[in-house]
Structures are given as structure tokens and as C-alpha cells.
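When the letters of the sequence shown are read in order and numbered with the numbering used here, they come out as residues 217 to 462. We put the beta carbon where it would ideally sit given N, CA and C, even for glycine. Inspection log for the structure reproduced underneath, given as C-alpha cells.
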Amino acid sequence: MTTPTVQAYPTVAALIAAAANTTIQEIRRVVEARGRCTIALSGGETPRALYAAWASQADRLPWSKTVWCFGDERWVPPDHSDSNYRMVDETLFSRVSMPGSAIIAVPTGAADPAASAAGYEAALRARFPGDAWPAFDVALMGLGPDGHTASLFPGDPALDEHRAWVSATRAGRPVPDRITLTIPVFRHARWMMMLVAGAAKAEAVAQTLHGPRDPRRWPAQSVTPIEGPCLWFLDREAGSRLGLAA
Ligand code: 6PG
């Protein structure tokens, strides 16, 4: 497992500008090196501004050579206000010209969350045929105040899933039923950015990065890639308990 690197920025605007530039550079580097870049997107609120920044710098991204997947999804229709797909569509997909086939979304219309998880896993296995684990070129992650990441929540049975690529999980809010990539999938990512902002996350950041190793309580301790870089991008508030000069 690689050692996370931490970068703190004085404001959210500075954080997003740096995250946009860093991710765009990595996506371009991957496409140059390997011809295609497959990205796992995080949901929630923090990445909205990053996706909007990507849309506003659309000319810098190789849209015909990128594949956009989801690190997790809420088990709601794609037009539901809590849908991660809807959030990314509003902030990014609808604002750029890209092939529809470039998006691999979680099929939340299945009969139940487990069926949606199986359907998403099948779609990912078609994207990564024959691979033991999918190697996402870029994994964008977030962190909840309780220490969850993607939809891997403290104490959830999905934390023990080490064979499936995708699992159904249960959360508190805003949507109880979730679909998430599993820990081994994130650990096989080639490059990861953990994008975190706000004072509410400061304790989870400090515990995850500097606290005792307790991945059932702090699941984000488990997702660090085995080999790929893991970049924690924080604003001053989220990093306030790390003693960083921001
Ligand atoms: C989700 C996300 C989740 C998110 C954290 C932080 O579906 O909600 O994937 O893991 O990254 O909950 O969310 P905020 O950015 O909204 O604080």
C-alpha cells in the first residue's frame, strides 16, 4: 500500500482549481501513455465544483478516449435529486460533447440493490475483460464526516467483501440503499485523489491519516492503492487537525 500524500489549500476555490488541474494533467498523461483513461467518479456535494471545472476546461480533456464510471451510487432513479449520476450529468456530462458509450452508470432500475450491483459488475467486467480486478486509471474519492468513502460505511458487511467488484450496502442518509465498488477494486486503482473540504471532515481526515489503524471504523484507511499514488487534496478546514501550513 502506498503512503498517501497530503496537500492543503487555503480556500475551497483554490482546492478545486488545483484538483482540476492535477486531474486533467493525469487524465491527459494516461491517454497519452495508454490510449484510454477509465475514471471512477465520486458522488455527494464536494466534487460538483470539480466536475464543473472540468466542463469549463472541456477543451483540455480527451473526451473520445475517456470512460466515466461511478465509485458508488444511491439506489434511486437516475433523475432523482439524490442520484450521483444526475449530479454528474448536470455538472459535466450535459455540458460537454462526449459519446454516450463513454459512460458506465450503475443500473439502479433493477429489481433490488443486489441486482443493480450485479448489473454494474457485469458492465465493468465487460470494460475490463479477463481482469481479476479492474484497474481504474483515476479514482476520485470523497470522505464523509463519519469516515465513509464511496458507500463503504463504518462497520458495514461490504468492508469484508474481497471477491466481488461491486456490493450493495446500507447507509444512513440521504439514501439508505447504496451500490459501491469494493475495497479491493479501489486498492487496484492506478491513481487516486481523495478530495475533501470543510471543518466537518477534519476529525475523519485526522483519524484516517494519523489515527490508529482501524479500517472498520475508518474505511478510507483501506482504499489506498496498492501501488498507485494516493493524493489527499484538502482545504484548510478539512486539514485543520493535521497541523499543516496551508
Ligand atoms: C456519495 C459519495 C460519498 C461522498 C461522501 C462525501 O455517494 O455520497 O460517493 O462517498 O464522497 O459522502 O460527500 P460530500 O462531498 O457531500 O460531503
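Environment of residue i [buried if 16+ CB atoms lie within 10 Å]
i, result
"Gln-437", "buried"
"Thr-289", "One detail in the question is off: residue 289 reads as Glu in this sequence, not Thr. The residue in question, Glu-289, is buried, as its Cβ has 16 or more Cβ neighbours within 10 Å."
"Phe-239", "A small correction: the amino acid at residue 239 is Thr; Phe does not occupy that position in the sequence shown. Flag for Thr-239 reads buried."
"Val-261", "Note on residue identity: the sequence assigns Glu, not Val, to residue 261. It is exposed - the Cβ of Glu-261 has fewer than 16 other Cβ atoms within 10 Å."
"Arg-403", "buried"
"Glu-242", "buried"
Residue i - containing alpha helix (DSSP H), residue span
i, result
"Leu-425", "418–426"
"Leu-439", "Correcting the residue identity first, residue 439 is Val in this sequence and not Leu. Run containing Val-439: none; DSSP gives neither H nor E here."
"Val-391", "It is not in any alpha helix (DSSP H) - Val-391 carries neither H nor E in the DSSP assignment."
Same chain, Cβ closer than 6 angstroms to residue i, neighbours up to 5 away in sequence not counted
i, result
"Phe-352", "Thr-254, Ala-256, Ala-405"
"Tyr-301", "Pro-294, Ala-321"
"Asp-203", "This structure does not reach residue 203, given that the chain is present from 217 up to 462, and the question cannot be answered."
Residues near residue i in its chain [Cβ-Cβ closer than 7 angstroms; skip 5 each side]
i, result
"Lys-417", "Leu-359, Pro-361, Ala-454"
"Ala-422", "Arg-457, Leu-458"
Top-ranked residue by Cα proximity to residue i, from the options
i, options, result
"Thr-218", "Val-439, Ala-229, Arg-252, Arg-394", "Val-439"
"Asp-347", "Glu-377, Val-401, Ser-299", "Val-401"
"Asp-393", "Arg-379, Asp-376, Phe-369, Tyr-267", "Phe-369"
"Gly-363", "Met-410, Lys-281, Ala-333, Ala-318", "Met-410"
"Pro-323", "Ala-415, Ile-395, Val-247", "Ile-395"
Element boundaries [beta strand (DSSP E), containing residue i]
i, result
"Val-292", "Looking at the DSSP string, Val-292 is not in any beta strand (DSSP E), and its letter there is neither H nor E."
Neighbourhood of residue i by C-beta, 8 angstroms cutoff - its chain only, sequence neighbours within 5 removed
i, result
"Thr-221", "Pro-445, Cys-446, Leu-447, Trp-448"
"Ser-299", "Glu-289, Arg-290, Val-292, Pro-293, Thr-324"
"Ala-234", "Gln-223, Tyr-225, Phe-449"
Requested in this report: May I have a chain-ordered list of the alpha helix (DSSP H) segments no shorter than 4 residues that lie completely inside the segment 309–377?
Outcome: Annotation: the segment 309–377 contains the following complete segments of the alpha helix (DSSP H) (minimum length 4 residues), in chain order: 329–343.
Query raised in the report: What runs of the alpha helix (DSSP H), each 4 residues or longer, lie entirely inside the segment 221–309?
Result: Whole alpha helix (DSSP H) segments, 4+ residues: 228–250, 263–272, 300–307.
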